[in-house]
Amino acid sequence: MFAFWSFIHSIEAFFIYYYPNAVYLNSIKYSHNKVKVALGESKANNSVLETNLQIQTPIFKADNYMLVTGILAMALCTIVLITSLPIIRKKYYEVFYYIHHLFIGIVIATILHAGIPKFRIVAIIIYCLHKLINIISIKKYSNKEIYIRRISENSIMLQLPRKKKTVEKYTQFNPEFGKYIFLCCPQISKFQWHAFDLSGTKSDNINYDTLIISTKGRWTNKLHQMLVKEKLLRPNGSPGFTLLTTRHFHSAHSYILENDVVILVAGGVGISPMIPIIDEYLSDSSSKNSNYKSKKIYLIWICRDLSLVSLVAETVSKYYTSDIINNFSIKVYYTGKTVIYDLNFQVLTIFQNQHIAQTYAHKPDIYKVYTEIIKKYEKSTNVGVCSVGSKELTSYTKAMSVKWGRENGMCFRMNYYKASLM
1 MFAFWSFIHS IEAFFIYYYP NAVYLNSIKY SHNKVKVALG ESKANNSVLE TNLQIQTPIF
61 KADNYMLVTG ILAMALCTIV LITSLPIIRK KYYEVFYYIH HLFIGIVIAT ILHAGIPKFR
121 IVAIIIYCLH KLINIISIKK YSNKEIYIRR ISENSIMLQL PRKKKTVEKY TQFNPEFGKY
181 IFLCCPQISK FQWHAFDLSG TKSDNINYDT LIISTKGRWT NKLHQMLVKE KLLRPNGSPG
241 FTLLTTRHFH SAHSYILEND VVILVAGGVG ISPMIPIIDE YLSDSSSKNS NYKSKKIYLI
301 WICRDLSLVS LVAETVSKYY TSDIINNFSI KVYYTGKTVI YDLNFQVLTI FQNQHIAQTY
361 AHKPDIYKVY TEIIKKYEKS TNVGVCSVGS KELTSYTKAM SVKWGRENGM CFRMNYYKAS
421 LM
């Protein structure tokens, strides 16, 4: 949108610069005729007309200085925009990263072009402080500090010991779930930082940051191969590679437990940020002083690998002997290529025959699932929805949330929460 309006502004500037008289031609002719009528044809001399016409100066005008700085800013902006296209950004990330430093030139050219109001100075100061805090809070890990666990063929778990810096004491806020960090491996690329949602339960996250990573992506596959290789070749933990992480950031879905009913939709390893939400809710519900008003959590999980289900089972297993477990329900939609004839039996076995799970061997109709769940509750119920997974899944879930909320807005309120990138 910024590039679009900059383009429109540039066209307007060229028009004003090269054809300044065309804009004001009618007003000048009108003023000339007005003087003739007022003074009479014979009395209207050239000096009076020239004096009147000199007053008709353009309100907007473009000089050479503004034209040059404007063209420079627009040219730099165009280069940055082109390198932001997914086809370039994904294949040539370093080019994308280096080119984006041209934004400094864009800022300078814009200041020279239109000046620098006070609010821009404040914005620049805030941006610089934010960058400084992020740089100061970066933590470094050697391979001997990293715990690696293979969850399935295409996913791994990383646990990084928490190294709290002074700056984090003033930048961390509650709640404890709904957080994400940026991860960098200098041995792969010094400039690629990828966002990952934090996973794990409260007990896990006291001393560690837990990440569940799919190895299907280009960067994550390289990371997986390097981690496995280094751990095998350097079993004693001798320095081989390092990982860098940022401070914790909060996602919008950290407020999802403020709703009466919570629906979590996950695809594959998108279960990662759902685990701390489930654990936080069940843990809070078992305490005397509950902080959340949510009545129940429904987990809708589309997965191709049943081994991932054990992650959820491990989280809720400590509540099997309590009535609190009835506040949680999971629907597993298995979409793997391998046909599993005893699908329901396997899932029930994983959950130790607790009747909190339902299984299906097809993709879900999200709209229908919403209806089955929400219609159980009384009117004026607030429903929170969060989806994490592929772009297609999250877009579909959001679209169905909007549609369901629009069609039933008089009775229920749908609130959709966006999670971080994975």
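Numbering of the sequence shown is given in full-length UniProt numbering, commencing with residue 1 and proceeding in unit increments.
For every residue, glycine included, the Cβ atom is placed at its ideal position computed from N, Cα and C.
3 or more residues per run - each beta strand (DSSP E) lying fully within the region 294–343: 296–303, 328–334
From this set, 227, 11, 378, 209, which residue's C-alpha is nearest residue 143's C-alpha? Mapped onto the sequence shown, residue 143 falls at position 143. Answer by Cα proximity: 227.
Determine the direct distance from the alpha carbon of residue 126 to that of residue 9, and round the result to whole angstroms. Counted from its first residue, the sequence shown places residue 9 at position 9. Counted from its first residue, the sequence shown places residue 126 at position 126. Spanning the two alpha carbons is a distance of roughly 27 Å.
Taking the alpha-carbon of residue 423 as reference, which of 260, 275, 358, 259 has the nearest alpha-carbon? For residue 423 there is no data in the structure shown, the boundaries of the chain being 1 and 422.
Given a cut-off of 8 Å, decide if residue 244 and residue 82 are closer than it, judged by their beta-carbon atoms. Here residue 82 is taken as the residue at index 82 of the sequence shown, counted from 1. Here residue 244 is taken as the residue at index 244 of the sequence shown, counted from 1. The answer is no: Cβ separation not under 8 Å.
Those residues which DSSP pairs with residue 410 across a bridge: Working through the sequence shown from its first residue, we reach residue 410 at position 410. Per DSSP, none; premise fails for residue 410.
Length-filtered (3 minimum) beta strand (DSSP E) runs lying within the region 362–390: 382–388
Residue 285 to residue 357 span [Cα, whole Å]: Counting from 1 along the sequence shown, the entry for residue 285 is found at position 285. Counting from 1 along the sequence shown, the entry for residue 357 is found at position 357. C-alpha separation (whole angstroms): 20 Å.
Quick check on residue 65: buried or exposed, where buried means 16 or more other Cβ atoms within 10 Å of its Cβ? Working through the sequence shown from its first residue, we reach residue 65 at position 65. Classification for residue 65: exposed.
For residue 374 versus residue 388, is the C-beta spacing smaller than 8 Å? Locating residue 374 in the sequence shown gives position 374, counting from the first residue. Locating residue 388 in the sequence shown gives position 388, counting from the first residue. Contact flag unset, no.
Opening and closing residue of the alpha helix (DSSP H) in which residue 120 lies: Your numbering for residue 120 matches position 120 in the sequence shown. Note, residue 120: alpha helix (DSSP H), 118–136.
Range of the contiguous alpha helix (DSSP H) that encloses residue 86: Reading the sequence shown from its first residue, position 86 is the one you call residue 86. From DSSP, the alpha helix (DSSP H) with residue 86 extends over 86–91.
Look at the alpha carbon of residue 202 and the alpha carbon of residue 280, and state the distance between them as a whole number of angstroms. Walking along the sequence shown from the start, residue 202 turns up at place 202. Walking along the sequence shown from the start, residue 280 turns up at place 280. Approximately 7 Å, taken between the alpha carbons.
Under a Cβ-count criterion, where at least 16 other Cβ atoms within 10 Å of its own Cβ denotes burial, should residue 287 be classed as buried or exposed? As a position in the sequence shown, residue 287 is number 287, starting the count at 1. Exposed is the call here.
May I ask which residues mark the beginning and end of the beta strand (DSSP E) holding residue 112? For the purposes of this step, residue 112 is taken as the residue at position 112 of the sequence shown. First-last for residue 112: 103–114, but that is the alpha helix (DSSP H), not the beta strand (DSSP E).
With DSSP run on the structure shown, which of helix, strand or coil describes residue 163? Translated into the one-based positions of the sequence shown, residue 163 becomes position 163. The answer is coil: DSSP assigns residue 163 none of H, G, I, E or B.
Name the residue from 178, 189, 376 whose alpha carbon lies nearest to the alpha carbon of residue 249. Locating residue 249 in the sequence shown gives position 249, counting from the first residue. Among 178, 189, 376, the Cα nearest to that of residue 249 is on 178.
For residue 316 and residue 347, believed in contact at Cβ under 8 Å, the rounded distance: As a position in the sequence shown, residue 347 is number 347, starting the count at 1. As a position in the sequence shown, residue 316 is number 316, starting the count at 1. So it is not a contact: roughly 13 Å between Cβ atoms.
Using 8 Å as the threshold, is the region 215–223 in touch with the region 326–345, meaning 3 or more CB pairs across them? no
Under the assumption that residue 334 contacts residue 306 (Cβ atoms under 8 Å), give the Cβ distance between them as a whole number of angstroms. Sequence index remark: in the sequence shown, residue 334 carries index 334 (1-based). Sequence index remark: in the sequence shown, residue 306 carries index 306 (1-based). Going by Cβ atoms, the distance from residue 334 to residue 306 rounds to 7 Å, so yes, they are a contact pair.
Is the CB-CB distance between residue 394 and residue 366 below 8 Å? One-based indexing of the sequence shown puts residue 394 at position 394. One-based indexing of the sequence shown puts residue 366 at position 366. Taking 8 Å as the Cβ cut-off, residue 394 and residue 366 do not qualify as a contacting pair.
Looking at the secondary structure, which residues open and close the beta strand (DSSP E) in which residue 213 lies? In the sequence shown, counting from the first residue as 1, residue 213 sits at position 213. Per DSSP, residue 213 belongs to the beta strand (DSSP E) from 208–214.
Three-state secondary structure (DSSP) at residue 191? For the purposes of this step, residue 191 is identified with residue 191 of the sequence shown, where counting begins at 1. In this structure, residue 191 counts as coil in the three-state DSSP scheme.
Own chain partners of residue 59 with C-beta closer than 8 Å, once the 5 adjacent residues on each side are dropped: By 1-based counting over the sequence shown, the position of residue 59 is 59. Because residue 59 sits at a pLDDT of 45, beneath the cut-off of 50, its placement in the model cannot be relied upon, and the following sentence gives the value as read from the coordinates. So the list is empty, once near-sequence residues are dropped.
Inter-residue Cα distance where the pair is residue 282 and residue 256: Along the sequence shown, one-based indexing puts residue 282 at 282. Along the sequence shown, one-based indexing puts residue 256 at 256. Using only the alpha carbons, I get a separation of about 14 Å.
Quick one: Cα of residue 261 to Cα of residue 157, how far? Sequence index remark: in the sequence shown, residue 261 carries index 261 (1-based). Sequence index remark: in the sequence shown, residue 157 carries index 157 (1-based). Straight-line Cα distance between these residues: approximately 29 Å.
Only counting the same chain, and skipping five residues up and downstream in sequence, which positions put a Cβ closer than 8 Å to that of residue 254? Here residue 254 refers to the residue found at position 254 when the sequence shown is read from its first residue. Here the set comprises 175, 177, 178, 179.
Just mark residue 259 as buried or exposed, buried being the case when its beta carbon has 16 or more other beta carbons within 10 Å. Residue mapping note: residue 259 aligns to position 259 of the sequence shown, counting from 1. It is buried - the Cβ of residue 259 has at least 16 other Cβ atoms within 10 Å.
Among 163, 193, 196, whose alpha-carbon lies nearest the alpha-carbon of residue 206? Stepping through the sequence shown from its first residue, residue 206 is reached at position 206. Among 163, 193, 196, the Cα nearest to that of residue 206 belongs to 163.
Who are the near neighbours of residue 99 in its chain, counting only those whose CB is closer than 7 Å to its CB and skipping five residues on each side? Working through the sequence shown from its first residue, we reach residue 99 at position 99. For residue 99, where only same-chain residues beyond five positions count, the Cβ hits under 7 Å are 79, 80, 83.
Have a look at residue 111 and residue 123 and give me their C-alpha separation to the nearest angstrom. For this step, residue 111 is matched to residue 111 along the sequence shown. For this step, residue 123 is matched to residue 123 along the sequence shown. So the two alpha carbons sit approximately 13 Å from each other.
Can you check which of these residues, 86, 105, 104, is closest to residue 96 by C-alpha distance? On the sequence shown, residue 96 is found 96 positions in, with the first residue counted as 1. Per the Cα distances, 86.
Measure the alpha-carbon distance for residue 106 versus residue 268 and round it to whole angstroms. Position 106 of the sequence shown, counted from the first residue, corresponds to residue 106. Position 268 of the sequence shown, counted from the first residue, corresponds to residue 268. Between residue 106 and residue 268, the C-alpha separation is close to 41 Å.
What first and last residue would you give for the beta strand (DSSP E) that runs through residue 78? Translated into the one-based positions of the sequence shown, residue 78 becomes position 78. Note, residue 78: premise wrong, no beta strand (DSSP E); alpha helix (DSSP H) at 64–83.
Cutting at 8 Å between CB atoms, please list the residues of its own chain near residue 152, excluding the five before and the five after it. Looking up residue 152 in the sequence shown gives position 152. If we look at residue 152 and ignore the five residues flanking it on each side, its Cβ neighbours are 305, 307, 308.
On the CB-based measure, 16 or more other CB atoms within 10 Å of its CB, does residue 327 come out buried or exposed? Here residue 327 refers to the residue found at position 327 when the sequence shown is read from its first residue. Classification of residue 327: buried, given that the 10 Å Cβ count is 16 or more.
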